[in-house]
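Asker: This is the structure, below, for whatever I ask next.
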Amino acid sequence: MKRILLIIDPQNSFCDPTGELFVEGASRDMERLTDFIEMNGDAFSRVVVTLDSHNRMHIAHPAWWQDRSGNPPAPFTVITADAVKNGEWKAANAEDQGWSQTYMEACDTHVIWPPHCLLGTWGHGVYHPLDTILSRWANRHTDLVMLPKGASRYTEHFSIFRPKVEREGDPASVFHRSLLDDLSGFDEIYVAGEASSHCVADSVRDLVSARPDLAPRVVLLTDAMSPVAGFKHLSDTFFTDMAAAGVRTAATSEDIE
15 MKRILLIIDP QNSFCDPTGE LFVEGASRDM ERLTDFIEMN GDAFSRVVVT
65 LDSHNRMHIA HPAWWQDRSG NPPAPFTVIT ADAVKNGEWK AANAEDQGWS
115 QTYMEACDTH VIWPPHCLLG TWGHGVYHPL DTILSRWANR HTDLVMLPKG
165 ASRYTEHFSI FRPKVEREGD PASVFHRSLL DDLSGFDEIY VAGEASSHCV
215 ADSVRDLVSA RPDLAPRVVL LTDAMSPVAG FKHLSDTFFT DMAAAGVRTA
265 ATSEDIE
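In the numbering used here, the protein residues as written are 15 to 271.
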């Protein structure tokens, strides 16, 4: 049997307790995942690690926006399309205002996050000790793929396959067809990472939506993912919907035969 392990955004910003956007439970998730790879690493032909990758000036970060007084929004502010339409919030850079309005019309609501997973910073790196076990795995098996996502500053990019809103002419905001094609070549697709409410959820939803026939091949390691605080309902709905689609679940303590 040919298996792949897909680890979504296991980065310091999310997984270290001092990270800018720490997901409660993520450090323990990654410790369990590390043990899982130690125990079952030989069962996988390939490991793919996605990396949330942002610049500080990004539509999901405070620096992009300002209120009528010129102040940026605090992290976790929810901006609505109506608030942008009536001038309560606008793009800090006037040249970005047109796109910001288009984006908000497509999204309706938009959460502002603390700047996180910034390229070239500690937060962008893979959480230790997971990084150590992945290096050891790669030395033995070689097929470790590190896959950045979120390079476009113009759109949120939870899913590993597509941005929240596609922007014409932006090569960083198109559907990642080649990754989908790669995954379809495996008999089992194990999934772990952060967060079960956002990036994991949107990624697996997109996978199953694009290729419903792959759903029975997907195995969610449910104790190697956690939701962002305040968004557990999204995680719960995700698990329910994926079970209905035929996606399986497992625990990291289970041996792969």
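Yeah, the Cβ is synthetic: ideal placement off N, Cα and C, and Gly gets one too.
Rank SER59, THR32, ILE22 by C-alpha distance to the C-alpha of GLY199 and give the top, closest one.
Answerer: Minimum Cα distance to GLY199 is reached at SER59.
Asker: I'd like the ranges of any beta strand (DSSP E) spanning at least 3 consecutive residues and lying wholly in the stretch 93–171.
Answerer: Within the stretch 93–171, the complete beta strand (DSSP E) runs of at least 3 residues are 103–105, 123–125, 158–163.
Asker: Just how far apart, CA to CA, sit THR254 and GLN25?
Answerer: Approximately 26 Å, taken between the alpha carbons.
Asker: How would you write the range of the beta strand (DSSP E) that LEU228 sits in, first residue to last?
Answerer: Unbroken run through LEU228: none, as it is neither H nor E.
Asker: Please determine, among ASP56, ILE51, GLU271, THR64, the residue with the shortest C-alpha to C-alpha distance to GLY207.
Answerer: Considering only alpha carbons, the answer is THR64.
Asker: With a cut-off of 8 Å, do at least 3 Cβ pairs link the stretch 187–203 to the stretch 95–113?
Answerer: No, the stretch 187–203 does not touch the stretch 95–113.
Asker: Report back the beta-carbon spacing between TRP136 and ALA74 to the nearest angstrom; my notes put them in contact at under 8 Å.
Answerer: The pair is not a contact, with the Cβ atoms about 19 Å apart (cut-off 8 Å).
Asker: Can you round the beta-carbon distance between PHE90 and VAL125 to whole angstroms, since I take them to be within the 8 Å contact cut?
Answerer: Yes, they are in contact, since the Cβ atoms of PHE90 and VAL125 sit about 7 Å apart, within 8 Å.
Asker: Have a look at SER240 and GLY183 and give me their C-alpha separation to the nearest angstrom.
Answerer: Distance between the alpha carbons of SER240 and GLY183 is about 34 Å.
Asker: My assumption, with CB atoms under 8 Å, is that ALA106 sits in contact with TRP79. Please give the rounded CB distance.
Answerer: Their Cβ separation, rounded to whole angstroms, is 6 Å, which keeps ALA106 and TRP79 in contact under 8 Å.
Asker: Give a yes or no on whether the C-beta atoms belonging to ARG225 and ASP201 are separated by under 8 Å.
Answerer: Going by C-beta atoms, ARG225 is not nearer than 8 Å to ASP201.
Asker: Which residues in the same chain as ALA259 place their Cβ atom closer than 6 Å to its Cβ, once the five residues preceding and following it in sequence are excluded?
Answerer: Result list for ALA259: VAL222, ALA229, in chain order.
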